[in-house]
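What follows is a single structure, written as structure tokens, with notes after it.
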Amino acid sequence: MVIVELDEFAAPGLLKYKHCYLHDLMRELCLMKCSEENYVKVVDFQGGRQPVLERFSVIMDDKTTFNTYRLAIHTDGNFKGDAIGKITERLSPRLRSITFTDMSQDENFSVDMAWTSSEIFNRFKCLRILGFDWYTFVNKKSIEFVGKFIHLRSICFNSCKDELPLQVLNLPFLQSLNFEGSVWTNATKIPKLDVVWKAKRLRHLLFPGNSVKMVDQEKFRLCGLVQLEVITDSTQNNGSCNESLSLILNCIEVNSPNIGHVLLTIYNCNFTENESGTNSNLVRKVFNCHHLMELMIEGSLGNKLPRYEINLASSLRRLALSGSEIIEDPMEILGKLPNLRKLQLLMNSFMGKEMVCHNMRFPSLTNLSLKGLHNLEKWRIDEGAMCNLMELEIRNCKTLHMTPIGLRFISTVKELSTVDMPAEFIEKLL
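Residue 322 in the working numbering sits at position 256 of the sequence shown, and the numbers go up by one each step.
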């Protein structure tokens, strides 16, 4: 009735499930039970309408109450923030989760939440999850109310603007703070360089793409977060890519004794220092990042990867490179990473003609993808390399003549996938 597929590469403490399949009968049963128990309700303010409870078709009147554990509020550009106050008066004190989403995703849409009554904050002592998607707050005070929900466990600001509210740093029970996708137009002013966070139970901290805008200090330290386990960052080339990335790396270095897992995604960055293609010191800092579990880089890395050292990416499990324009064979370096389990060499990540996987290299690798390597002509695998490889995908590598002969020495391969490959390659494969 239920099939769950695990993500074997997920870092401990993160979401471990890739897919969940439900039989139609099980799905209908779940929906019926959700309806009976008021598991979740959606209030729709779109189009200037009065709130409509989806699936229940109840128009809110003076007697309507929201007797539910979880509430989602959908709005658009016609929404007036003062309507929130009317809803909160009718919410059940047992409310545990509430999320606000601007369905229009209008960058110019702003809202004043108008949560000013202290009785509201005293009432919802069971509230654990609070989220905002695509909101721009009118002023600083319109978001300061977040700091009054002292029992919160998780807060999400997705694509919000204005200034990061410092009140979230003081929530004593907060475990997850998510700024992914956020755009902070103003740098948050921190009174001291080593500001001590009172959210000492914080475990997961997810930064936005332009995290450098979050603070106006040269070095942002997460002092006091003794239980911090996971830091993720998604950096994009918005004019301050290197500055933003350096900020995050310094933050990780300072807190390395407590951090368990780091996941980095870097888009559209150029790490070359000059026309000769020499990669910058920042690339080495990325690969030497403490507790780095997953790394995705889209952008030029120079002619070659950083020189291998004994601690280089020693914790790295998953690596994806795209547009790296590496000329020297990357397999010489990547093959020495002891815990690398999934490797993706994507569009123009390697510009050379030959790759070699030497004996005893890639001891932990189980998944390998080669996509869009247009110059690759020859690939050699020595006996004893990739001894645990299970899945291999080759896609759109037009000049690759054939699969490596050494592939026959790998008895663990369960799946070989070829897509958009020339007929000559397919004939030799058969």
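Built from N, CA and C at the ideal position, the CB exists for glycine as well.
query, result
"Run through the stretch 344 to 372 for me and flag every whole beta strand (DSSP E) of 3 or more residues, listed as ranges in chain order.", "358 to 364"
"To the nearest angstrom, report how far apart C86 and R93 are at their CA atoms.", "11 angstroms"
"Where does N133 land, buried or exposed, given buried means 16+ other C-beta within 10 angstroms?", "exposed"
"Can you give me the Cβ contacts of K419 inside the same chain, cut-off strictly under 6 angstroms, excluding the 5 residues immediately before and after it?", "N441, E443"
"If we count the other Cβ atoms within 10 Å of its Cβ and call it buried at 16 or more, is T251 buried or exposed?", "Since pLDDT at T251 reaches only 46, below the 50 mark, its modelled position is unreliable, and no value is offered."
"Under 8 angstroms between the Cβ atoms of R407 and R383?", "yes"
"Quick check on this structure: which residue in N224, S477, I447 has the alpha carbon closest to the alpha carbon of F245?", "N224"
"Taking only the alpha-carbon atoms, compute the straight-line gap between M421 and L482 and give it to the nearest angstrom.", "19 angstroms"
"Identify the residues that DSSP records as bridge partners of K509: which are they?", "No statement about residue 509 is possible, as the shown extent of the chain runs from 67 to 496 and does not include it."
"Which residues bound the alpha helix (DSSP H) around A386?", "Unbroken run through A386 is the beta strand (DSSP E), 384 to 388; no alpha helix (DSSP H)."
"Hey, could you find the ends of the alpha helix (DSSP H) I399 is sitting in?", "397 to 400"
"How close, in whole Å, do the beta carbons of Q500 and L268 come, if the pair is a contact with beta carbons under 8 angstroms?", "The chain is shown from 67 up to 496; residue 500 falls before or after that span and cannot be answered."
"Roughly how many angstroms lie between the CA atoms of V192 and S220, to the nearest whole one?", "The question names Val, but residue 192 in the sequence shown is Cys. Approximately 13 angstroms, taken between the alpha carbons."
"Can you name the start and end residues of the beta strand (DSSP E) that I221 belongs to?", "220 to 224"
"Compare the C-alpha of I566 against each of L311, H356, C335, V349 and name the closest.", "The structure shown does not extend to residue 566, since the chain spans only 67 to 496, so no value can be given for it."
"Could you check where the alpha helix (DSSP H) with E391 kicks off and where it finishes?", "Element bounds for E391: n/a, residue is neither H nor E."
"Do R189 and R162 have their C-beta atoms within less than 8 angstroms of each other?", "no"
"Does DSSP put D168 in a helix, in a strand, or in coil?", "strand"
"Assign S101 to one of two classes, buried (16 or more other C-beta atoms within 10 Å of its C-beta) or exposed (fewer than that).", "exposed"
"So is A489 buried or exposed if we call it buried at 16+ other beta carbons inside 10 Å?", "exposed"
"My output table needs one value for M421: the three-state DSSP class, helix, strand or coil.", "strand"
"Measure the CB-CB distance between V479 and L458 and report whether it falls below 8 angstroms.", "yes"
"Put G326 into one of helix, strand or coil per three-state DSSP.", "coil"
"From what residue to what residue does the beta strand (DSSP E) around I471 run?", "No beta strand (DSSP E) contains I471, which DSSP labels as neither H nor E."
"So what's G197 in DSSP terms, helix, strand or just coil?", "strand"
"Report buried or exposed for M397, applying the criterion of at least 16 other Cβ atoms within 10 angstroms of its Cβ.", "buried"
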